[in-house]
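Peer 1: What follows is a single structure, and I will ask about it in a moment.
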Amino acid sequence: GQNIDQPTEMTATEGAIVQINCTYQTSGFNGLFWYQQHAGEAPTFLSYNVLDGLEEKGRFSSFLSRSKGYSYLLLKELQMKDSASYLCAVRDPAGGYQKVTFGTGTKLQVIP
Amino acid sequence: SAVISQKPSRDICQRGTSLTIQCQVDSQVTMMFWYRQQPGQSLTLIATANQGSEATYESGFVIDKFPISRPNLTFSTLTVSNMSPEDSSIYLCSVDRGQGNREQYFGPGTRLTVT
Chain A
1 GQNIDQPTEM TATEGAIVQI NCTYQTSGFN GLFWYQQHAG EAPTFLSYNV
51 LDGLEEKGRF SSFLSRSKGY SYLLLKELQM KDSASYLCAV RDPAGGYQKV
101 TFGTGTKLQV IP
Chain B
113 SAVISQKPSR DICQRGTSLT IQCQVDSQVT MMFWYRQQPG QSLTLIATAN
163 QGSEATYESG FVIDKFPISR PNLTFSTLTV SNMSPEDSSI YLCSVDRGQG
213 NREQYFGPGT RLTVT
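Chains as they are written, first to last, in my numbering: chain A, 1 to 112; chain B, 113 to 227.
Okay, here's the thing in structure tokens:
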């Protein structure tokens, strides 16, 4: 089976740093995605981690530990526009179709 | 990244009718996916569509209800058949360029309301 867990909601202050955690248990693993989704819009690709470690892209960084089934998304210098849902998703090669399964998402509210 | 367009962007349909959603990509892609996102929920994979073969459906989704076409490497359609209010959702097309670039991108989505 597949299980992807993330906190349902988080609140953080403008200018601060926030870390959104994701744990997963899947039958196979071939990469982990983070997406940002503003209300009423399609998900926007943020990052894709295949190997362990931290990858940084501007204010956003994503970390992966395959042995622990764990990832986090780090958002620095938070801005009001970062208020959105953040979706963790895992690619599972089982069945040969590289299926991507999504967690329930973390709704982040940035407050002044 | 990939430029993905979907038609229609939204529609309001009557119970019992069918709607076909189109997904067009700006370049050839190996794999195309159709997702559903019900209000307040995360994304659920409906099926995977590869060109030249029948779509692979996830548990809970069947071809009679959600027939899919993939006539070439840049286009796919999803039909929502015999609609009921429970089918009200956002339907999203997604693509994976495959070998060498495994990032997965989404189209803008089709917001469907069934009355």
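By construction, the Cβ of each residue, glycine as well, lies at the ideal position given by its N, Cα and C atoms.
(1) Count Cβ pairs between the stretch 34-51 of chain A and the stretch 131-144 of chain B that sit closer than 8 Å; are there 3 or more?
(2) Would you be able to state if there are at least three C-beta pairs under 8 Å between the stretch 134-151 of chain B and the stretch 183-202 of chain B?
(3) Give the single residue among A:Thr101, A:Leu75, A:Ala94, A:Gly58 whose Cα lies nearest to the Cα of Gln109 (chain A).
(4) What does Thr11 (chain A) reach in chain E if we use C-beta pairs closer than 9 Å?
(5) For Asp138 (chain B), does the three-state DSSP call read helix, strand or coil?
(6) Ala42 (chain A) and Leu204 (chain B) - do their beta-carbons sit closer together than 9 Å?
(7) Taking C-alpha atoms, which residue in B:Pro179, B:Ala159, B:Gly152, B:Ser181 lies nearest to Ser200 (chain B)?
(8) What residue range does the beta strand (DSSP E) around Pro183 (chain B) cover?
(9) Is the shortest distance between the beta-carbon of Gly128 (chain B) and the beta-carbons of chain A less than 9 Å?
(10) Could you compute how far the alpha carbon of Met148 (chain A) sits from the alpha carbon of Gln216 (chain B)?
(11) Does any residue of chain B bring its CB to less than 9 Å from the CB of Arg91 (chain A)?
(12) Among residues of its own chain, excluding the 5 on either side of Ile111 (chain A), which ones have a beta-carbon nearer than 8 Å to its beta-carbon?
(13) In this structure, how does DSSP classify Glu170 (chain B) when only helix, strand and coil are distinguished?
(14) Around the Cβ of Met80 (chain A), are there at least 16 other Cβ atoms within 10 angstroms (buried) or fewer (exposed)?
(15) Using only CA atoms, which one of A:Ile4, A:Ala94, A:Gln36, A:Pro93 lies nearest to Asp82 (chain A)?
(16) Who are Val115 (chain B)'s beta bridge partners in DSSP?
Peer 2: Short version:
(1) no
(2) yes
(3) Reading the first sequence from its first residue, position 109 is the one you call residue 109 (chain A). Per the Cα distances, A:Leu75.
(4) You won't find chain E in this structure, because its protein chains are A and B.
(5) If you number the second sequence from 1, residue 138 (chain B) lands on position 26. Note: Asp138 (chain B) maps to coil in three-state DSSP.
(6) The count along the second sequence starts at 1 and reaches residue 204 (chain B) at position 92. The count along the first sequence starts at 1 and reaches residue 42 (chain A) at position 42. Against a cut-off of 9 Å, the Cβ pair of Ala42 (chain A) and Leu204 (chain B) comes out as a contact.
(7) Here residue 200 (chain B) refers to the residue found at position 88 of the second sequence. When each option's Cα is compared against that of Ser200 (chain B), the closest is B:Gly152.
(8) Counting from 1 along the second sequence, the entry for residue 183 (chain B) is found at position 71. Per DSSP, Pro183 (chain B) belongs to the beta strand (DSSP E) from 180-184.
(9) Residue 128 (chain B) sits at position 16 when you count from the first residue of the second sequence. Closer than 9 Å: no.
(10) No answer is possible for residue 148 (chain A): the residues shown for chain A start at 1 and end at 112.
(11) The sequence position of residue 91 (chain A) within the first sequence is 91, counting from 1. Interface residue, yes.
(12) For the purposes of this step, residue 111 (chain A) is taken as the residue at position 111 of the first sequence. So the list reads Thr11, Ala12, Thr13, Glu14, once near-sequence residues are dropped.
(13) Position 58 of the second sequence, counted from the start, is the residue given in the question as residue 170 (chain B). In the structure shown, Glu170 (chain B) sits in coil (DSSP, three-state: anything other than H, G, I, E or B).
(14) Here residue 80 (chain A) refers to the residue found at position 80 when the first sequence is read from its first residue. It counts as exposed.
(15) Position 82 of the first sequence, counted from the start, is the residue given in the question as residue 82 (chain A). Checked all of A:Ile4, A:Ala94, A:Gln36, A:Pro93; the closest Cα to Asp82 (chain A) is A:Gln36.
(16) Counted from its first residue, the second sequence places residue 115 (chain B) at position 3. Paired residues: none, contrary to the question.
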